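Comments concern the structure below.
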Amino acid sequence: MTTSTQNQNPTYSEAFQSGVREEIYRNRDIFILGTDLIERGGHFAQVKGIAQEFGFQHVKDSPISEAAMVSAGLGAAMYGLHPIIDLNFIDFSLGAMDEIINQAAKIRFMFGQPVPLVIRATSGTALGGAHHCNSLESLFAHTAGLAVAVPSNAWDVKGLIKTALRSPDPVIFLMHKKLSGVRGEIGDENTLIPFGKARTVKEGKHAAIITYGFTVVTAQKAAVALASEGIDVEIIDLRTLYPLDTDAINSAVQRFGRVVVADEAPMFGSITAEIAATATEANFGSLKGPIVRIGSVRAPISANPGMSEAAIPSVDAMIAAVKKVVAY
Amino acid sequence: MTTSTQNQNPTYSEAFQSGVREEIYRNRDIFILGTDLIERGGHFAQVKGIAQEFGFQHVKDSPISEAAMVSAGLGAAMYGLHPIIDLNFIDFSLGAMDEIINQAAKIRFMFGQPVPLVIRATSGTALGGAHHCNSLESLFAHTAGLAVAVPSNAWDVKGLIKTALRSPDPVIFLMHKKLSGVRGEIGDENTLIPFGKARTVKEGKHAAIITYGFTVVTAQKAAVALASEGIDVEIIDLRTLYPLDTDAINSAVQRFGRVVVADEAPMFGSITAEIAATATEANFGSLKGPIVRIGSVRAPISANPGMSEAAIPSVDAMIAAVKKVVAY
Amino acid sequence: MSNLSKEWAHSSLRGMMLIREFEETADKLSLRGKIPGGIHNSSGQEAVAVGVLSALDPLDVIATTHRSHHHTLAKGFSAREVMAELFTKSTGVSRGRGGSMHLGDFHRGHFGGNGIVGAGVGIAMGAALGIQQRGDAKVSVGFVGDGGVNTGRTWEAINMAVIWKLPLIVIIDNNQYAVETFVDRVTGGGDIAKRGEGFGLPSYTINGQDVVEVNEYTAKARQRALAGEGPTIINALTYRYYGHNVGEKGQYRTQDEILDWKTNRDPIDLFIARATSEGLITDSEVAALRDDVKKEVEDAVDFAEKSPQPDLNSILVDVDSGLLGGK
Amino acid sequence: MSNLSKEWAHSSLRGMMLIREFEETADKLSLRGKIPGGIHNSSGQEAVAVGVLSALDPLDVIATTHRSHHHTLAKGFSAREVMAELFTKSTGVSRGRGGSMHLGDFHRGHFGGNGIVGAGVGIAMGAALGIQQRGDAKVSVGFVGDGGVNTGRTWEAINMAVIWKLPLIVIIDNNQYAVETFVDRVTGGGDIAKRGEGFGLPSYTINGQDVVEVNEYTAKARQRALAGEGPTIINALTYRYYGHNVGEKGQYRTQDEILDWKTNRDPIDLFIARATSEGLITDSEVAALRDDVKKEVEDAVDFAEKSPQPDLNSILVDVDSGLLGGK
Ligand SMILES: Cc1ncc(C[n+]2csc(CCOP(=O)(O)OP(=O)(O)O)c2C)c(N)n1
Ligand SMILES: Cc1ncc(C[n+]2csc(CCOP(=O)(O)OP(=O)(O)O)c2C)c(N)n1
Ligand SMILES: [Mg+2]
Ligand SMILES: [Mg+2]
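Protein sequences, first through last, are from chains A, B, C and D. For what it's worth, the numbering used here labels the leading residue of the first sequence as 55, then goes sequentially. For what it's worth, the numbering used here labels the leading residue of the second sequence as 55, then goes sequentially. For what it's worth, the numbering used here labels the leading residue of the third sequence as 2, then goes sequentially. For what it's worth, the numbering used here labels the leading residue of the fourth sequence as 2, then goes sequentially.
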């Protein structure tokens, strides 16, 4: 998907802008609400220029009130609009969990009426310490009523946000902070990416890595190193955690019988457990050995870069995991 | 553990009172803070009489301010006290998630100093509808820095709360609403139950059910029915979800090779996935077939009793799951 | 001569009587185990509900609390669909899934009761934002209890409504107790309206037992909201006759206190007295109304009893739209 | 004759100068990539930090925000241990794990900076409850920014402090912007002290550029807290000279505005002028202090540079005590 004219390609953040712009053209009910969006365009420039292009009605600068931000979006969505609530860092969603988990997620079930609401935030481990590096995706994926997107590249950001903005359901849209500036091709205005459809990043012969978000990059690096040792590993990028592409997962297990599931959330209780457990139950006979999981250690993320890096799966850990399953 | 003098045994709620009372005698730094505790003794009478016995300093009636309740406990714990923050229903913790997940859980890691804080709440599926029936235990267990207790009977309630009140770490203490009135024997003032040690509810010969909380009752009923068909199933009650008794889990997998993991949280992404995935990875060779999970459907809980019941694992579902693993 | 119309007086009185009859009946049914999970009885608080809702347009939005039968009936929902919901029957307004705490129908401007204290104000604020974004000539009303004013989310929402001048009215259905906790014991400053003023919006403490006063303040707040001037808080002092949840008694308030409110400040009695003395209604008309609401509630109970349970196979329906590929 | 002691004047001036020198130095180091994750520079806000902390006892508790170098230095933490923490070195006050936003040491009454806006007030309130439970003669101070006063958690905590008369002082380190958002655009009512009054506690808006005024109001609030009369809010108006995070500029405020504050309202200049005119300090003493803090910060940088990184193998240490059986 990367081309030789890479410099002309937008960044991951700009891909978000692009998708949102096109969708506002189609649907004037869309607006974005969050802190420091109008001038600054958000902490990651993810909505830069949109207020200037479409008017202030489409971009609202909010007080620091995460609970009210989400309930503003929620009430407006119930009224028929299609808000994007930009929570900046996903860490701050912890101040709006009732609004997300008790309200937004459950309203359709209770009242039979749609909640077309996107909650966007930047996620994942980088610098900034324990309060800015939470990986909360498994909390949201566990919550009935929520869809969860975790794009790993510009193309997917744009295609997935466009789909989210045409969906009547609440979507948690998680963008990884280490990918913000990474450039890549993006689709045109008709390129929508369905939720629940994984992407094969790279086909392989010997084993599969199932992953998402920034860990896709780690997997790609591992794949290169493994190739030099004659191990050809397939990489599957889930793109959304709910709906989850169980077909792609089952197919990988059935084809290889050797599977690594990886992400950078604390491994204990992460979504990789759901993937491994369900795939094992459904395809036990196909497995040459157990699905191997890798993830982060059970610890908060330190502000120290070395410690922060050490917490999450390294390329080496990924290589070791693949070798382990290949050796079955 | 039930005796013939059952009527003299305290209820599950009274067992909590008993443990807290004894610990306040030992340690005057303990106090309880929550709504409607002094007169009413809490919604489930879980602290009834304690204010009258120990004085108002040990029981504080709070405004409806879950975030402030937890931060009150947190700051007091950092100062050296040992608060019990009573959140009434665990559903209301969603209004204090930042205080629990970002603050209480991470402080020891960041500052190297203890946070002796217990957060108690009633949990699980019963009547009351979607906002009063969340099963959030996997969110807490996934969070580094938190311990999570999920007692299934009066004995364990008392023994575990006593241990929690002697621990320097934050503990989420989840009591199941359907067990509140169930009577059982309790230990004396020196009976502490360690965290991370499962209890064998019943030994068996053919397979094991690993579970906790109210689902232990479901498992017991299933075991009786299965016995009549000649299937002797072991039941393991985890008692705490973090620390998790991986020794007991591994032993069960190794001894039987046929294991069911069950709880009543929505199954997608629940702690049963962690248990199944990790146990499979560690004991693949011992398994006669995949670990089978049962849990609740991916849906909010309805106020309608029939729908509410239908959402969680029935005795029949438990029986079917055991038969499935026994048939491997 | 009265400044009230006969029509308004009759309909408001009937509205309050219907609520009272409904709640008294539901209480007994709940005690008899007919209503799963109990109810939060609003007997005594009728004037707040009817005073507010009679000042609104049918398409205005409300979002409310765990104690919301009165708001829902006053919004024009039928006793049948509300009672059936309490019974968690499929004919209930939330198809039996919501129960007593989760009555609602967005198409009719009812954005739901709520199991979470304070949440209704946030939702109402969001609806007000939706109204503003669309440029509609409507207002949104968020109900909250005296206990709910100590939740942070309530003030976050109010602040947002103030800075954006949203067409929001916050009604504090102030029955002076949160479960067993007296409002003054937990409310810093003790003056909820003053809190509101600190957040920059007009805030009035009014007599919530006087349906006319409630109506007038609400109408004024509605005008202000429609004029684009922003939100208003109305702190309506009232009283609940029953325990927090059905069957609860407790020692936190005296029998004398309860009796005093019932005898001297009952909103229905007060309004009957006024309407009668102002020649708006006769004793026999009052009696006829009483009969009428009694029949309506009897019919509602009958309807609820006979209605079917929700289909247990529908348990995964409407978790999400399915359009994103869930299941 | 001045009512200030020479000793207080010298130490307060030195405190402010140290902060300024520290921040100017840290800013450059951060731009050079020495400080992982950047910093929130408090240059311009020195009088709030020094004014508050000089009115407290060393064992009083503080809990603060993402912008907390000034509070931490004013609390008496050495430039070495703070700078080393910014470098995320093992010798830092939080062993390199916290970084710029998470400075703290409970034993010395510092309950931490915080990455979450508003969280410090809640923690300080909890500490105040701890103090009250123990019957200690201490107070607890929670810092929060102008942006932080729109978080619900802040008002929940304040309410709790009011009803229980907790020994809490809330300092609003009001630099008038939250990232790029001007306080008036997002603060309903526009008057933070009035919000406080609505919650029932004395609330003062004061000149945060005047270290003496800040000190006096804090001392008064401390007396009130120690006397068991409860919390106070002090809304101290100040200004940050740099961008929100290091290196940030933005168009949200004019260069004129920044220049005006720097030229006409600089807290250090103002205090030097006063102290000099009141005969508390001489020009050469000022110059000596300047030299002194410069050396202290140089030494701190040197210390930080030379300090070792945290041991990567310690990553699972202190996640929990291990006593409950976790790893
Ligand atoms: C966030 C939250 N905390 C606690 C509860 C439990 N609870 C339900 S109603 C109630 C009291 C509410 O009091 P008030 O707001 O005055 O309303 P009232 O019941 O008097 O109508 C409480 C504490 C809840 N539902 N939600
Ligand atoms: C709950 C939460 N929301 C948003 C942020 C992102 N953020 C960090 S600092 C800041 C601005 C805070 O402004 P203010 O309280 O005035 O403090 P100042 O930066 O001016 O010192 C924001 C929005 C955060 N850290 N926490
Ligand atoms: Mg009340
Ligand atoms: Mg500020």
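We put the CB at the ideal spot given by N, CA and C, even for glycine. Values in this document were obtained by computation on a predicted structure and should not be read as measured data.
Heavy atom of ligand 1 within 6 Å of residue i beta-carbon
| i | result |
| --- | --- |
| C:His67 | yes |
| B:Ala184 | no |
| C:Gly77 | no |
| D:Gly136 | no |
| B:Gly149 | yes |
| B:Thr89 | yes |
| C:Val118 | yes |
| B:Ile118 | yes |
heavy atom of ligand 4 below 6 Å from residue i C-beta
| i | result |
| --- | --- |
| D:Asn176 | yes |
Alpha carbon of residue i to alpha carbon of residue j, nearest angstrom
| i | j | result |
| --- | --- | --- |
| D:Met159 | D:Arg98 | Per the sequence shown, residue 159 of chain D should be read as Ile rather than Met. Approximately 30 Å between the Cα atoms of the pair. |
| A:Phe70 | D:Glu286 | 57 Å |
| C:Met18 | C:Ile269 | 7 Å |
| C:Asp28 | A:His112 | 47 Å |
| C:Ser101 | C:Arg68 | 8 Å |
| C:Asp321 | A:Gly73 | 23 Å |
| B:Asn207 | B:Thr300 | 21 Å |
| C:Met84 | C:Ala301 | 6 Å |
| A:Ala184 | A:Pro354 | 5 Å |
| C:Gly283 | C:Leu290 | The identity of residue 283 of chain C in the sequence shown is Thr, whereas the question assumes Gly. Cα to Cα, the separation comes out at about 11 Å. |
| B:Leu341 | B:Lys377 | 15 Å |
| B:Thr217 | A:Leu193 | 28 Å |
Proximity test, Cβ basis, 7 Å: residue i and chain A
| i | result |
| --- | --- |
| B:Leu128 | no |
| B:Thr59 | Below a pLDDT of 50, predicted positions are generally treated as unreliable, and B:Thr59, at 45, falls in that range; the measurement from the model is reported next regardless. Output row for B:Thr59: interface = no. |
Heavy atom of ligand 3 within 6 Å of residue i beta-carbon
| i | result |
| --- | --- |
| C:Gly148 | yes |
| C:Ala179 | yes |
Chain D within 7 Å of residue i, Cβ atoms only
| i | result |
| --- | --- |
| A:Val379 | no |
| C:Ile173 | no |
| B:Val164 | The sequence shown places Met at residue 164 of chain B, not Val. Interface residue, yes. |
| A:Ile155 | no |
Presumed contact (8 Å Cβ cut-off) between residue i and residue j, rounded CB distance
| i | j | result |
| --- | --- | --- |
| B:Glu93 | C:Gly148 | Not really, about 15 Å apart at Cβ, beyond 8 Å. |
| C:Gly45 | C:Tyr240 | 5 Å |
| A:Ala131 | C:Met161 | So it is not a contact: roughly 15 Å between Cβ atoms. |
| A:Gly178 | A:Phe268 | 5 Å |
Short CB-CB distance (under 7 Å) between residue i and chain B
| i | result |
| --- | --- |
| A:Gly360 | no |
| C:Gln177 | no |
| D:Ser91 | no |
| A:Gly134 | no |
Heavy atom of ligand 2 within 6 Å of residue i beta-carbon
| i | result |
| --- | --- |
| A:Phe146 | yes |
| A:Val124 | no |
| D:Ile40 | no |
Closer than 7 Å to chain C by CB, residue i
| i | result |
| --- | --- |
| A:Met55 | Bear in mind that the predicted position of A:Met55 carries a pLDDT of just 38, short of 50, making it unreliable; the figure below should be weighed with that in mind. No, no contact with chain C. |
| D:Gly146 | no |
| D:Arg225 | no |
Stretch pair the segment 157–167 of chain A + the segment 111–120 of chain C: three plus CB contacts closer than 8 Å: Under the 8 Å Cβ criterion, the segment 157–167 of chain A counts as touching the segment 111–120 of chain C, having at least three qualifying pairs.
Three CB pairs or more closer than 8 Å across the segment 295–305 of chain A and the segment 166–182 of chain A: The segment 295–305 of chain A vs the segment 166–182 of chain A: no contact.
State whether the segment 335–355 of chain B contacts the segment 306–324 of chain B, with contact taken as three or more CB pairs (one from each stretch) at a distance under 8 Å. Touching, yes, given that three or more Cβ pairs across the two stretches are closer than 8 Å.
On the three-pair Cβ rule with 8 Å, is the segment 137–155 of chain B touching the segment 198–210 of chain D? Result no; under three Cβ-Cβ pairs closer than 8 Å.
Determine contact between the segment 185–196 of chain C and the segment 162–177 of chain D, defined as no fewer than three beta-carbon pairs at a distance below 8 Å. Judged by Cβ distances under 8 Å, the segment 185–196 of chain C makes contact with the segment 162–177 of chain D, as three or more pairs qualify.
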